[in-house]
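S.K.: Have a look at this one.
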Amino acid sequence: MAADNNNSTGLKYIIKKKQKAKRNVHPFQRDTKTKKVSKVIRFDDSDKDHLVSVERLKGENSLTYKSLKNRASDLLKVRKALPVYHHKREIMSYIESNPVTVLIGETGSGKSTQIPQFILEQLYDKKKHGSIAVTQPRRVAAINLATRVSQEHGCKLGDQVGYSVRFDNTTTAKTRLKYLTDGMLLRELMMNRDLKEYNVVIIDEAHERTVLTDLILGFLKSLIKGSRPDLRIIVMSATLQAEKFSEFFNNAPILFVEGRKFDVTQYYLKAPTDDIVDAVIRCCIQINQGEQLGDILCFLPGQEEIDKAVTIMEKIAKYVSDETPVPLIVPYPLYAALPPMQQVLVFAPIKGFKRKVIFSTNIAETSVTISGVKFVVDSGLRKVKVWRHQLGLATLLTVPISQASAMQRSGRAGRESEGKSFRLYCESDYLKLPEQSEPEIARSDVTSPVLMLKRYGINDLVNWSWFENPGKEAIVMGLQELYELGALDTRGKITKRGEQMALLPLQPHLSSVLIKASEIGCLSQVIDIVSCLSVDNLLLNPSPEERDEVNERRLSLCNAGKRYGDLIMLKELFDIYFYELGKGQDSNSERNDWCKGLCISSRGFKNVIRVRDQLRVYCKRLFSSIDEENEEVRKIGEDRDEISKILKCFLTGFINNTAIGMPDRSYRTVSTGEPISVHPSSMLFLNKSCPGIMYTEYVFTTKGYARNVSRIELSWLQEIVTSGTAVAKQKIASSK
DNA sequence: GAGCACTGC
């Protein structure tokens, strides 16, 4: 590939007039009778950009009262310079006189740090009791915001201002302003249905439309219509979707807060391209030749495309900079399954006459911010998981992004200075894109939300105050799943088992496995396996060169796993990590080296231990059946009976995720008879001798794959079903 | 022969 690329792939750009990366807010600026107000308030600063790193702050926890106050008064000067301060009274008067306020402002407009403090001051002034909850979709955001705001407030983290996320709760009895993940607030709703400790609940980043935020919105609506008419609600969102939030809450007023961003010039392709990796590479080379220094962030749909782009770029970068006097391009991949060691490389600034080019998935769209980016190259594609209720199957699809998402991606070029965004599609195609991405709840398995609603005491789920109704079919499938797991009775009422399942921080299927394990006495071992399963990206993907080597090492370590599959392998790995390694002085480095050799995430394994600790505490409370003694015995051996017992526990939760071996050595699912293949990452990929398999996940990519696969005997199916529900029995019978 | 992104009393 040559640097001269004005050729047939159509990579010539038409310059568009300069436009802001953010969307114009006009559609909402009209005043109507129902929309009581429209305010445009300009911020000169952005909140999350000036957040200090948590590590640094934790070291400062020993600060004296006086120095805390001094720092707060320094910060107050900065805060007072924010234009939002001048509009404080107006904003507060709307919040005060309306049960629900929708506050529109971009991420980084200052709303997340300042508005909660205004409300806190008001609570102090009026000598009111109660506190404020601010929800965030991500843990890091909750932690960073609470840390910053506690400084501004002049208190230690956990005094008046604190945060609560899984495994980490800094709040105390003194805390009046609490930043928490939306999952945490839902947990609180399960325990304390009226949220009576809160005067005000703020839902931040509501435009991201995660399943959990959508659920919270539904719960809040039913609360203000029912037992908490006094509760104040503020929905904070980026510019779009304001009207949807407003309409949902009885035409709540919408306030606008503008954030400052730098101009981003938009470029489009003249003609569409059919090879997106090639187009991205060519675009980067072109930027490198014609543009000033500054890093490039490229959005590609998935790992496959990213690895390919990195490989190509590595090959041509040196050649290009040798031939012409341009910066040397240094390519980096970025995606969630990448080993953390490689992920951090992306953030280190580059020295010399070089240019960083980051090839990233959607992870860089909201979750991760990289400084130094001046150029964005957008493939216009992403991967989404879409749940098929009828098939119990997740499909992973590559689809065009929405306009909102395209704008979010472009905005990544304008965070520190003016930037440029290159969209590798035509402007006419951009205009055809949907305005918004489909909300997650519309394409997800809702078994877990349905269980939450049942536990909350909702009977008529179809007509509940869903912010987005996932549809009757999805709800009915959820109800049936829960009935089959024994969480609901024949009338759809939650059972004692269902109550226990709802309290465990696991998906219902895994909760049900845990309960079964406690009944038949293998809880400790099953907790270890479930803990591994509930950590994402524990087993990382080895690079192609070391793949065979790593697989060989894993196989040789896990004798039982080789025969019985991935669940047993996880337990074997856990046993080595937990019982054999890390006893000596160099425990940490010993464990890290071991993880590295097997391409296991050591951060992931630390999370496994935290999940395990939490599950053990919950189980002790729920079933009081964990035997603290004989801990060594909990290691798994190659005892056939013990392994069968453990796998049968899993079978009670995943009876519908089973397939039977055919004479031609393929597998067909028990429930639908569809062909299914063992995923190549599985221990059982090469094992062709299983009478049947059970899996925790069924994903369709190029074909239907079973992931986390275990060997099962066909007689077990009958055995489990005889002790199970009538519905499942019928399914097995009809599949024969 | 293959892996979008988050998250939980």
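Number 626 in my numbering belongs to position 569 of the first sequence; there are no gaps in the numbering. Where a beta carbon is used, it is the ideal one built from N, C-alpha and C, also for glycine.
1) Less than 8 angstroms between the beta carbons of Ile311 and Pro156, yes or no?
2) Under a three-way DSSP split, which group does Ser294 fall into?
3) On the DSSP letters alone, give me the boundaries of the beta strand (DSSP E) that Phe356 sits inside.
4) Please identify the residue among Thr418, Gln174, Lys126, Lys137 whose C-alpha is closest to the C-alpha of Met149.
5) Locate the beta strand (DSSP E) running through Arg445, then write down its first and last residues.
6) Tell me whether Glu776 sits in a helix, a strand or coil according to DSSP, three-state version.
7) What residues in its chain sit with their C-beta under 8 angstroms from that of Lys90, if we drop five residues either side in the sequence?
8) Going by the DSSP bridge assignment, what does Gly749 pair with across the sheet?
9) Could you check what DSSP says for Pro84 in three-state terms: helix, strand or coil?
10) How long is the line joining the alpha carbons of Ser738 and Arg764, rounded to whole angstroms?
11) Please state the DSSP three-state secondary structure of Tyr724.
12) For Leu481 versus Ser436, is the C-beta distance shorter than 8 angstroms?
13) At what residue ranges does the region 615-660 contain a whole run of the beta strand (DSSP E), taking only runs of 3 or more?
14) Cβ of Val756 within 7 angstroms of any heavy atom in the ligand NAD?
15) Among all the DSSP beta bridges, which residues are the ones paired with Gly219?
16) Whole angstroms are fine: how far does the CA of Glu262 sit from the CA of Asn649?
17) Do you know whose CA, among Thr758, Ser169, Asp332, Ile703, lies nearest Ile777's CA?
18) Just reading off the beta strand (DSSP E) that Gln193 is part of, what are its end residues?
19) Reducing DSSP to helix, strand and coil, say where Thr426 ends up.
20) Could you have a look at Ala374 and say whether DSSP puts it in helix, strand or coil?
21) Which residues in the same chain as Thr779 place their Cβ atom closer than 7 angstroms to its Cβ, once the five residues preceding and following it in sequence are excluded?
22) Which residues does DSSP list as the beta-bridge partners of Glu754?
23) Quick check on DSSP: helix, strand or coil for Asp287?
24) When you compare each of Arg195, Val206, Val197 to Ile176 by their alpha carbons, which one comes out closest?
25) Per DSSP, Ala129 forms a beta bridge with which residues?
26) Please report the distance separating the alpha-carbon of Glu589 from that of Leu242.
27) Suppose the cutoff is 6 angstroms on Cβ atoms and the five residues either side in sequence are ignored; what does the same chain contact list for Gly622 look like?
28) Is the beta carbon of Val197 closer than 8 angstroms to that of Glu497?
29) Taking Cβ positions, are Arg610 and Gly654 nearer each other than 8 angstroms?
30) Who pairs with Phe416 in a beta bridge, going by DSSP?
31) Assign Asp131 to one of two classes, buried (16 or more other C-beta atoms within 10 Å of its C-beta) or exposed (fewer than that).
32) Given Ser279, which residues of its chain have a CB within under 6 angstroms of its CB, disregarding the five upstream and five downstream residues?
33) With burial defined as no fewer than 16 other Cβ atoms inside 10 Å of the residue's Cβ, what is the status of Asp632: buried or exposed?
34) Thinking C-beta only, is Val314 closer than 8 angstroms to Val141?
35) In angstroms, rounded to a whole number, what distance separates the CA positions of Gly639 and Lys137?
36) Return the CA-CA distance between Gly275 and Ala129, expressed in angstroms with no decimal places.
M.R.: In short, the structure shows the following:
1) Residue numbering aside, residue 311 sits at position 254 when the first sequence is read from its first letter. Residue numbering aside, residue 156 sits at position 99 when the first sequence is read from its first letter. No; because the gap between Cβ atoms is not below 8 angstroms, this pair is not in contact.
2) Within the first sequence, residue 294 is the residue found at index 237, counting from 1. Strand, per DSSP.
3) Within the first sequence, the letter at position 299 stands for residue 356. Element bounds for Phe356: 352-356.
4) Counting from one through the first sequence, the residue named residue 149 turns up at place 92. Closest by alpha carbon: Gln174.
5) Translated into the one-based positions of the first sequence, residue 445 becomes position 388. First-last of the beta strand (DSSP E) with Arg445: 438-445.
6) The count along the first sequence starts at 1 and reaches residue 776 at position 719. In the structure shown, Glu776 sits in a helix (DSSP, three-state: H, G or I).
7) In the first sequence, residue 90 corresponds to position 33, counting from 1. Legend: pLDDT at Lys90 = 30, less than 50; position of this residue unreliable, no value from coordinates given.
8) Looking up residue 749 in the first sequence gives position 692. Paired residues: Ile717, Ile769.
9) As a first step, residue 84 must be located in the first sequence, where it is residue number 27. Because Pro84 carries a pLDDT of 26, less than 50, the predicted location of this residue cannot be relied on, and the following value inherits that uncertainty. Here Pro84 sits in helix by DSSP.
10) Numbered from its first residue, the first sequence carries residue 738 at position 681. Numbered from its first residue, the first sequence carries residue 764 at position 707. Distance between the alpha carbons of Ser738 and Arg764 is about 8 angstroms.
11) For the purposes of this step, residue 724 is taken as residue 667 along the first sequence, with counting starting at 1. It is a strand residue.
12) Position 424 of the first sequence, counted from the start, is the residue given in the question as residue 481. Position 379 of the first sequence, counted from the start, is the residue given in the question as residue 436. Closer than 8 angstroms, so yes.
13) none
14) No copy of the ligand NAD appears in this structure; indeed no ligand is present at all.
15) In the first sequence, the residue the question calls residue 219 occupies position 162. Partner(s): Lys235.
16) As a working mapping, residue 649 is identified with position 592 in the first sequence. As a working mapping, residue 262 is identified with position 205 in the first sequence. C-alpha separation (whole angstroms): 36 angstroms.
17) Counted from its first residue, the first sequence places residue 777 at position 720. Nearest C-alpha to Ile777: Ile703.
18) Position 136 of the first sequence, counted from the start, is the residue given in the question as residue 193. Run containing Gln193: 188-193, per the beta strand (DSSP E) assignment.
19) Start at 1 with the first residue of the first sequence, and residue 426 comes out as number 369. Thr426: coil per DSSP, three-state reduction.
20) In the first sequence, the residue the question calls residue 374 occupies position 317. In the structure shown, Ala374 sits in a helix (DSSP, three-state: H, G or I).
21) To locate residue 779, count along the first sequence from 1; it is residue 722. No residues qualify anywhere along the chain.
22) Indexing the first sequence from 1 puts residue 754 at position 697. Answer is Arg764, bridged to Glu754.
23) For the purposes of this step, residue 287 is taken as the residue at position 230 of the first sequence. The answer is coil: DSSP assigns Asp287 none of H, G, I, E or B.
24) Your numbering for residue 176 matches position 119 in the first sequence. Looking at the Cα atoms, Val206 is the closest of the given residues.
25) Mapped onto the first sequence, residue 129 falls at position 72. Answer is none; Ala129 lacks a bridge partner.
26) Taking the first sequence and counting its residues from 1, one reaches residue 589 at position 532. Taking the first sequence and counting its residues from 1, one reaches residue 242 at position 185. Inspection of the sequence shows that residue 589 is occupied by Cys rather than by Glu. Near 25 angstroms, if we compare the C-alpha coordinates of Leu242 and Cys589.
27) One-based indexing of the first sequence puts residue 622 at position 565. Excluding positions up to five away in sequence, the list reads Met740, Leu741, Val766, Ser767, Arg768.
28) The residue labelled residue 497 in the question sits at position 440 within the first sequence. The residue labelled residue 197 in the question sits at position 140 within the first sequence. No, they are not a contact pair.
29) Position 553 of the first sequence holds residue 610. Position 597 of the first sequence holds residue 654. A contact, by the Cβ cut-off of 8 angstroms.
30) Translated into positions along the first sequence, residue 416 becomes position 359. DSSP, once it has assigned bridges, lists Cys355, Pro390 as partnering Phe416.
31) Position 74 of the first sequence holds residue 131. By the neighbour-count rule (16 or more Cβ atoms within 10 Å), Asp131 is not buried but exposed.
32) Taking the first sequence and counting its residues from 1, one reaches residue 279 at position 222. Here the set comprises Ser522.
33) As a first step, residue 632 is located in the first sequence; it is residue number 575 there, counting from the start. With 16 or more Cβ atoms within 10 Å of its Cβ, Asp632 is classed as buried.
34) Translated into the one-based positions of the first sequence, residue 141 becomes position 84. Translated into the one-based positions of the first sequence, residue 314 becomes position 257. Their beta carbons are under 8 angstroms apart, which means Val141 touches Val314 by this criterion.
35) Taking the first residue of the first sequence as position 1, residue 639 is located at position 582. Taking the first residue of the first sequence as position 1, residue 137 is located at position 80. If I take the Cα positions, the gap works out to 51 angstroms.
36) Position 218 of the first sequence, counted from the start, is the residue given in the question as residue 275. Position 72 of the first sequence, counted from the start, is the residue given in the question as residue 129. Gly275 and Ala129: Cα-Cα distance of roughly 37 angstroms.
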